[in-house]
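Residue numbers (this note's numbering): 1 to 440. By construction, the Cβ of each residue, glycine as well, lies at the ideal position given by its N, Cα and C atoms. Presented below is the structure to which this report refers.
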């Protein structure tokens with residue numbers, strides 16, 4: 001409110017020499033007589049009465065008078081104090097317009113302050129709008145005010161460039177499907193100017209640059225900015241997470257296997273650096289490392305990480321992680337370790353029929369038919385979602401084990417249960433029948 005009292009003091013001072021044909025910089029006798037009462041209301045924080053008095057005085061004042069100029073400023077200040085930001089726009093605009101159109105009222109510092117404040121108020125108002133056309137119009141109004149401010153201010157600041165960059169970014173990204181390259185380039189220009197204006201620029205400037213480059217599909221430039229930010233502010237967990245995500249996205253999008261591998265390795269290095277500082281250390285992050293190691297075919301390292309994590313809890317004790325451990329061992333032809341991993345998984349998830357059936361299939365692939373048969377029976381007993389496949393599988397296993405009567409029974413159960421085409425069952429049934437006849 002200090003500004004308010006300065007305005008009041010100026011209003012009560014002797015009028016300055018007026019220019020021809022323009023209202024003078026002097027308060028009318030009627031308004032002057034009410035300023036003391038107005039100050040009393042403001043000091044008592046009785047803002048409703050203060051606003052009522054101002055509106056009464058404005059209704060009687062000439063629209064282009066110094067009374068209107070001063071009272072509009074005071075009204076805007078009260079509304080801002082009340083948190084009625086949108087309501088403060090009109091009186092602020094009135095005061096700005098009168099100051100610009102009348103050299104007797106003109107105050108360069110006040111003009112800059114009002115422009116900057118109005119730009120921020122219009123920006124905030126636009127951000128809350130749902131109608132995209134109205135929102136765009138609001139951002140354009142704010143940007144026009146900010147550009148005028150930048151053209152007149154003798155010393156633009158990093159914060160002012162950040163605000164201008166934010167405005168142009170919003171305009172450039174209103175339609176995510178069609179980013180406005182011109183606006184985004186303009187935002188990049190403002191952000192870079194902001195970086196030059198500060199010895200220790202805020203992270204927001206860099207993150208805004210990152211957002212602009214991502215909108216333009218310039219992922220490598222976005223990564224450069226995040227790398228610089230990580231060096232300057234290594235204690236930001238968000239920066240490490242964003243940087244890793246950027247490299248992972250680049251790896252997934254690349255159609256060149258070597259480039260994809262490079263990006264995955266960069267993501268791993270980011271994780272190493274972050275974890276050395278205590279970040280990216282959750283079970284989810286450790287799982288991400290496993291996934292990356294799979295992507296670059298480092299199966300032995302993935303298996304070692306899974307073994308450690310599943311024991312000490314740094315990787316979640318979930319079925320998928322045990323399946324990954326099994327797969328890692330299979331990829332490196334370590335069948336005994338793969339079998340051991342599957343057995344441990346089944347012991348941890350004893351009611352999981354699908355896991356039991358996978359174990360049966362693995363045992364079969366390694367030539368352990370009796371064990372595979374027993375596990376397949378156990379899987380069926382636990383309740384598979386689609387038992388038909390297991391019934392056929394058991395029939396084939398029983399046939400190979402020369403347990404033809406059991407094989408015949410499994411085929412009959414598969415027919416009765418439905419879901420298995422006759423074209424699948426008939427050849428097997430015929431082979432079983434022939435084997436039974438030959439045995440007799």
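Status (buried if at least 16 other CB within 10 Å, exposed otherwise) for residue i
| i | result |
| --- | --- |
| residue 364 | buried |
| residue 50 | buried |
| residue 32 | exposed |
| residue 105 | buried |
| residue 160 | buried |
| residue 8 | Because the pLDDT at residue 8 is just 46, under 50, the model does not fix this residue reliably, and the value given afterwards should be weighed accordingly. By the 10 Å Cβ count, residue 8 comes out buried. |
| residue 436 | exposed |
| residue 83 | exposed |
| residue 90 | exposed |
| residue 237 | exposed |
| residue 194 | buried |
| residue 414 | buried |
| residue 279 | buried |
| residue 297 | exposed |
| residue 22 | exposed |
| residue 310 | buried |
| residue 455 | With the chain covering 1 to 440 only, the question about residue 455 has no answer from this structure. |
| residue 425 | buried |
Residue i vs residue j beta-carbon contact at 9 Å
| i | j | result |
| --- | --- | --- |
| residue 126 | residue 137 | yes |
| residue 187 | residue 208 | yes |
| residue 98 | residue 61 | no |
| residue 102 | residue 69 | yes |
| residue 242 | residue 216 | no |
| residue 270 | residue 244 | yes |
| residue 121 | residue 88 | yes |
| residue 119 | residue 152 | no |
| residue 123 | residue 167 | yes |
| residue 398 | residue 390 | no |
| residue 247 | residue 267 | yes |
| residue 295 | residue 249 | no |
| residue 185 | residue 230 | no |
| residue 239 | residue 203 | yes |
| residue 401 | residue 427 | no |
| residue 264 | residue 292 | yes |
| residue 147 | residue 165 | no |
| residue 96 | residue 77 | no |
| residue 432 | residue 404 | yes |
| residue 409 | residue 396 | no |
| residue 189 | residue 179 | no |
| residue 366 | residue 335 | yes |
| residue 235 | residue 277 | yes |
Host alpha helix (DSSP H) of residue i (start-end)
| i | result |
| --- | --- |
| residue 74 | 66-81 |
| residue 147 | 132-152 |
| residue 125 | 108-127 |
| residue 160 | 158-172 |
| residue 312 | 299-312 |
| residue 288 | 283-295 |
| residue 88 | From DSSP, residue 88 is part of no alpha helix (DSSP H); its letter is neither H nor E. |
| residue 25 | No alpha helix (DSSP H) contains residue 25, which DSSP labels as neither H nor E. |
| residue 50 | 47-60 |
| residue 327 | 319-331 |
| residue 175 | Here residue 175 belongs to no alpha helix (DSSP H), and DSSP marks it neither H nor E. |
| residue 179 | Premise fails: residue 179 is in no alpha helix (DSSP H) and is neither H nor E. |
| residue 264 | 257-276 |
Cut-off 7 Å between Cβ atoms - residues of its own chain near residue i, not counting five sequence neighbours on either side
| i | result |
| --- | --- |
| residue 306 | 290, 315, 321, 324, 325, 328 |
| residue 351 | 382 |
| residue 5 | Residue placement at residue 5 is flagged as unreliable, the pLDDT there being 46, under the threshold of 50; the coordinate-derived value follows with that caveat. The answer is none, since no qualifying residue turns up. |
| residue 37 | 53 |
| residue 346 | 355, 356, 359 |
| residue 375 | 356, 359, 360, 363 |
| residue 284 | none |
| residue 141 | 122 |
| residue 211 | 169 |
Proximal residues to residue i (C-beta, below 8 Å), its chain only, five neighbours per side dropped
| i | result |
| --- | --- |
| residue 342 | 322, 326, 355, 358, 359, 362 |
| residue 417 | 387, 388, 391 |
Contact set for residue i: own chain, Cβ-Cβ below 6 Å, skip 5 residues either direction
| i | result |
| --- | --- |
| residue 42 | 50 |
| residue 17 | Confidence at residue 17 is low in this model, with a pLDDT of 45, below 50, so its placement is unreliable and the value that follows should be read with caution. Answer for residue 17: no residue qualifies. |
| residue 434 | none |
| residue 143 | 167 |
| residue 71 | 54, 57, 58 |
| residue 221 | 213 |
| residue 191 | 165, 205, 208, 209 |
| residue 338 | 326, 329, 330 |
Suppose only complete runs of 3+ residues qualify. What are the beta strand (DSSP E) ranges in the stretch 391-422, listed by chain order? Assignment of beta strand (DSSP E) within the stretch 391-422, counting only whole runs of 3 or more residues, yields no such run.
Could you name each continuous alpha helix (DSSP H) segment of 4 residues or more that falls completely within the stretch 345-378, going from the start of the chain to the end? Listed in chain order, they are 353-365.
With a floor of 4 residues, list each alpha helix (DSSP H) that falls wholly inside the stretch 189-236, ordered by position along the chain. 203-215, 219-232
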